[in-house]
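There are 2 protein chains.
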Amino acid sequence: MYNIDRLFESVAAKGHVCVGLDTAAEYIPSAERRRAGSDAEAVFAFNQALIDSTIDVAACYKVQNAYYEEMGIAGLSTYAKTLHYIREKGGIVIADIKRGDIADTALRYAKAHFAGEFEADFVTLSPYMGMDSIEPWLTYAESNGKGAFVLMRTSNKGMRDFEYLEVSEKKRVYHVVGDKLAGLAAAHSGKCGYGAFGAVVGCTERDEAAEIRKQYSNLFFLIPGYGAQGGAADDAALLLREGNGGVVNASRSILKAWSEELKVSGGGGGADESAATIEFAAEAARRATITMRDAILAAAKK
Amino acid sequence: MYNIDRLFESVAAKGHVCVGLDTAAEYIPSAERRRAGSDAEAVFAFNQALIDSTIDVAACYKVQNAYYEEMGIAGLSTYAKTLHYIREKGGIVIADIKRGDIADTALRYAKAHFAGEFEADFVTLSPYMGMDSIEPWLTYAESNGKGAFVLMRTSNKGMRDFEYLEVSEKKRVYHVVGDKLAGLAAAHSGKCGYGAFGAVVGCTERDEAAEIRKQYSNLFFLIPGYGAQGGAADDAALLLREGNGGVVNASRSILKAWSEELKVSGGGGGADESAATIEFAAEAARRATITMRDAILAAAKK
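Going down the list, the sequences are from chains A and B. Plus 345 on top of the position in the first sequence (first one is 1) and you've got this note's numbering. Plus 345 on top of the position in the second sequence (first one is 1) and you've got this note's numbering.
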C-alpha cells in the first residue's frame, strides 16, 4: 500500500489541512521557552503539544527541515523526535527537505529520509537536475510505500524566474515537470487513483488552478501559499478534485494562533504574551486548524 | 573579502582539484572500518587522513551532505567535524547541500550552513524556485564573505529534462539561470573579478563548454563530471579562464584510489584489500590528486 492511499483516506476523514511545523523557538510563548533546557527542547515540547491537539483535525504534518538544521545537531535531534512522534501517533508526516541530487547521492538521501532516524512518510523534492534526481526515491515507494511531492509550480514570487518560462506555446517549464510526474504517477499509482509521487502546486495563481487540476488529474497536490502568501480557501479548492486530491499547508497561522488570539482578546492593545502557556498555544492551534479545515471544506463543496 | 577571492588564490597556488568527500563507510579499508567504534567515526578518521595528505595539493574540498545524513545524527556530527577540520587547517570547504527554499526558510538554511556547527565557506544551491531562493544567502556574502555555487548545467543525463529546455532560439533554461547569476555576480564581485556566487557547470558537454565560459566570464565554476562521468582534463580546461575561474571535483577516484592501486599492483588478480591501512589510503589519495591536478594544469596551458 502506498502512503498516498493513507493520505487520501486521511483527507476524506479529517479534511485538507497540512499543519506545517516550521517551528522557530521565537514562536513559542516566552515563559515556556525559558522553562525548557534549550531551544531544541522547547521546540519539541511545543510540537508535541500541537500534534496532540490537532491529530484528529489535520490530514497530515509537514516538518520544515531548515528550522531544525538552524539549531545544529540538537535541532536535528528534535527534528527526528518530531517525525517519530507523529508516526507513533498514527499521523502522516511530510519531510519538507526539497532535496535534489542524482544517482548514488539520491539513494543515500532517500535512505536518510525514508529509513532510520529521520524516517518520514513523504518528502519534498526539487526537480531541477532532472528525473534521475527523482527516480531513485521510487525504490522506497515500491518497498515501503513512501511518497514524495516534487516542486512543480510554487507559491513564491520568484517562481516566475524559471518555473514559469515558456518552452513552447502555452507550455511552461512547470508543465514539462508536471508531464513527467504524471507519467511517473501512472506507472506507480495508488488504489485511490493518485500516483505515489505528487506535486507541489501553490494556490496563489488563481487563473491557472482549474486548468492545472484538470490537466494533472492523477497528481495529488501539496498546496502552499494559503493565508499569508495570499491564497484563500476558494483558491485552494480549485486545486482539489471531488473533495480530495490535495492537502493545504499552513504553518505560522497555526503555530502562532495563540499570539493572534491574545492580540484580539487584548483589544489591540497587546495582551500579556509572556504569561501564555503551551496548553493555550495548543488549543489555539486546534481552533485555527478547525477554522481552516471548515473553510476549505465549504469552498470545496461550492 | 569574499571567499571567492580566497578560492581564486588557492587555485593559483595549488591547482584546480576539488576533493569530494562523498565518504561512504564502504570506501574505507575494511580493517580500519572494523577498528573504529562506528561507521561515523571511521568516516571522520578517514576524512582527516585524506585532508592531511591533500591540503597542499587541492584547491578545496566539497563535502556531500547526503553521505552523512544517511548515517543519521552520528553522521551529521561527522559532517560538522569534517567541515571544522578543513577550516581549522586553513582549507576551503564547499558544503554540497543543494538547498533551495524561499524567504524565512532560506535565511534559516543560510544560518545553518554559514554559521554555527555546520559552518562552511561555500554551499551549493538549487535555483528551481527562483532568485528569491538564492538572494537570502547573499546576506552572509556581505557580512562574512560566504559564497555559493548555484546549479546551472549539471553533468548528469537528466539535465536534459529541464535545464536543457529551449525557451527561445539558442537560449535554454540554464542560460536564463546563468544570466541571472551573472547579474548577481556583477553586483557582488570579488577582487579577483569573479562574483561571490558562482555556478555549477559540468564538463560532460564538450561542445558547449567554450561558449559557456565566454558568455559567463564573471562566474566562477564548480565543475562536476570529471572521470567516471566521462569528462577529461581537456573538457574541464575549456571551462577555465586564464588558468583560473573553476575548480574540478573528483570524489570516488580520490577516495578509492587506494583500492585502484591495489588492483593494479595485484596484477589484476586482486590484492589483499582487507590489510590496507588508512595511511596507504591517504597516500594513494594524494597521488591521485596530484595526477589529476597536473593533467588539468597541462590541459589549461594548451
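Where is the CB? At the ideal position from N, CA and C, for every residue including glycine. Note that the structure is a prediction, hence the values are computed from the model and not measured.
- In this structure, B:Leu352 is the residue among B:Lys426, B:Gly538, B:Leu352, B:Arg378 with its C-alpha nearest to the C-alpha of Asp466 of chain B.
- The beta carbon of Ala448 of chain B falls within 9 Å of a beta carbon belonging to chain A, placing the residue at that interface.
- Below the 7 Å Cβ cutoff, chain B contributes no neighbours of Gly528 of chain A, its closest Cβ being approximately 11 Å away.
- Proximity of chain A to Pro472 of chain B at the Cβ level (cut-off 8 Å) is accounted for by Tyr473, Asp506, Phe507, in chain order.
- Scanning the region 541 to 567 of chain A from its first residue to its last, the whole alpha helix (DSSP H) runs of 4-plus residues come out as 551 to 560.
- Residue pairing by DSSP places Ser513 of chain A opposite A:Lys516 in a beta bridge.
- Listed along chain A are Ala411, Glu414, each with a C-beta nearer than 7 Å to that of Tyr454 of chain B.
- Around the beta carbon of Gln560 of chain B, fewer than 16 other beta carbons sit within 10 angstroms, so the residue counts as exposed.
- Classified as buried, Glu550 of chain A has 16 or more neighbouring CB atoms from the shown chains inside 10 Å of its CB.
- In this structure, the straight-line span from the alpha carbon of Glu371 of chain A to that of Met504 of chain A is close to 28 Å.
- Residue contact check for Lys525 of chain B against chain A: a CB pair falls below 9 Å.
- For Asn589 of chain B, the secondary structure class from DSSP, reduced to helix, strand or coil, is strand.
- In this structure, DSSP gives Ser534 of chain B an extended state, which the three-state scheme calls strand.
- The criterion of a C-beta distance shorter than 9 Å is satisfied by Tyr430 of chain B and Ile396 of chain B.
- With its beta carbon less than 9 Å from one in chain A, His458 of chain B belongs to the interface.
- With its beta carbon at least 9 Å from every one in chain B, Ala385 of chain A lies outside the interface.
- For Gln393 of chain B, the enclosing alpha helix (DSSP H) covers residues 384 to 399.
- Under the Cβ criterion of 9 Å, Thr622 of chain B is not counted among the residues facing chain A.
- The C-beta distance from Gly591 of chain B to Phe625 of chain B rounds to 31 Å, too long to meet the 8 Å contact threshold.
- Within its own chain, the residues whose Cβ lies closer than 7 Å to the Cβ of Ser604 of chain B, once the five positions on either side in sequence are excluded, are Glu618, listed in chain order.
- Per the coordinates, the alpha-carbon of Arg517 of chain A lies some 44 Å from the alpha-carbon of Val388 of chain B.
- Classified as exposed, Ala376 of chain B has fewer than 16 neighbouring CB atoms from the shown chains inside 10 Å of its CB.
- Taking a Cβ-Cβ threshold of 8 Å, none of the residues of chain A is close to Met637 of chain B; the smallest such distance is about 20 Å.
- Where Leu366 of chain B is concerned, the enclosing beta strand (DSSP E) starts and stops at 362 to 366.
- Ala455 of chain B is positioned such that its CB atom lies closer than 9 Å to that of Thr484 of chain B.
- Leaving aside the five residues that flank Asn594 of chain A on each side, the residues in its chain whose CB is nearer than 7 Å to its CB run, in chain order, Cys363, Gly365, Lys407, Leu567, Ile568, Pro569, Tyr571.
- Per DSSP, the continuous alpha helix (DSSP H) segment holding Lys359 of chain B begins and ends at 348 to 359.
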